[in-house]
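Taking it in order: structure first as structure tokens, then the write-up.
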Amino acid sequence: MAIDPLTIIMLVVLAVLVFFMFRNSRKRKAQAEELQSKVAVGAEIMTNFGLYGTILEMDDEENQVLVETTPGTVLRVHRQTVTRVVTPSPLAPLEESIDHSDDGAPAYGERIDETTADAPAAGESTVSKTEKKDDE
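Heads up, the sequence shown is in the UniProt record's numbering, so the first residue is 1 and it goes up one at a time.
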């Protein structure tokens with residue numbers, strides 16, 4: 001009995017798919033265990049629907065977590081909705097990319113105050129330059 005090459009290819013593809021399926025399952029299980037070890041009272045968390053807060057209390061029997069989102073606002077959510085423990089990241093110093101040239105024109109997108117832009121500078125008279133030329 002001869003084995004068809006197409007059958008061999010299909011079996012190899014099936015074996016590769018099963019291998020990756022088990023590998024992914026182990027990765028997900030390890031990530032879930034790592035998350036559960038980090039989830040504790042006082043941890044800053046994010047839920048799967050994008051809510052950030054601090055864990056106040058955990059009830060393992062009911063699988064519920066009390067999360068304080070803002071001072072005085074406490075929400076009760078299911079424990080599985082906690083998807084990530086937020087770690088504070090160090091803030092990078094902001095680099096100022098503002099051009100401080102003295103050309104007087106505002107930069108693109110820069111807002112100018114209309115009241116101060118039309119007002120004369122200190123020591124300037126309200127007479128325009130064209131009126132001065134006419135007087136001379």
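Think of the CB as a built atom: it goes at the ideal place given N, C-alpha and C, for glycine as much as any other residue.
Task: Alpha carbon of Gln31 to alpha carbon of Ala2, nearest angstrom - done: What you label residue 31 is simply residue 31 of the sequence shown in a count that begins at 1. What you label residue 2 is simply residue 2 of the sequence shown in a count that begins at 1. Spanning the two alpha carbons is a distance of roughly 45 Å.
Task: Local conformation of Glu34 per DSSP, three classes - done: Residue numbering aside, residue 34 sits at position 34 when the sequence shown is read from its first letter. Residue state, collapsed to three classes: helix.
Open item on the list: According to DSSP, simplified to helix, strand and coil, what is residue 150?
Closed with: Nothing about residue 150 can be reported from this structure: the residues present for the chain run from 1 to 136 only.
Task: Contact belief for Val67 with Ile55 at Cβ below 8 Å, rounded distance in angstroms - done: Locating residue 67 in the sequence shown gives position 67, counting from the first residue. Locating residue 55 in the sequence shown gives position 55, counting from the first residue. Contact holds; Cβ gap of about 6 Å.
Task: Cα-Cα separation, Thr47 to Val13 - done: Numbered from 1 along the sequence shown, position 47 holds the residue referred to as residue 47. Numbered from 1 along the sequence shown, position 13 holds the residue referred to as residue 13. Near 37 Å, if we compare the C-alpha coordinates of Val13 and Thr47.
- [ ] Give the range of the beta strand (DSSP E) segment to which Gln64 is assigned.
- [x] Against the sequence shown, residue 64 aligns to sequence position 64. Gln64 -> beta strand (DSSP E) spans 64-70.
TODO: Kindly indicate the opening and closing residues of the beta strand (DSSP E) around Val74.
DONE: Reading the sequence shown from its first residue, position 74 is the one you call residue 74. Run containing Val74: 73-78, per the beta strand (DSSP E) assignment.
TODO: Go to Val85, then tell me how far its beta strand (DSSP E) extends in each direction, as first and last residue.
DONE: Locating residue 85 in the sequence shown gives position 85, counting from the first residue. Its beta strand (DSSP E) spans residues 82-85.
Task: Check whether Glu34 and Val86 have beta carbons under 7 Å apart - done: Taking the first residue of the sequence shown as 1, we reach residue 34 at position 34. Taking the first residue of the sequence shown as 1, we reach residue 86 at position 86. Their beta carbons are not under 7 Å apart, which means Glu34 does not touch Val86 by this criterion.
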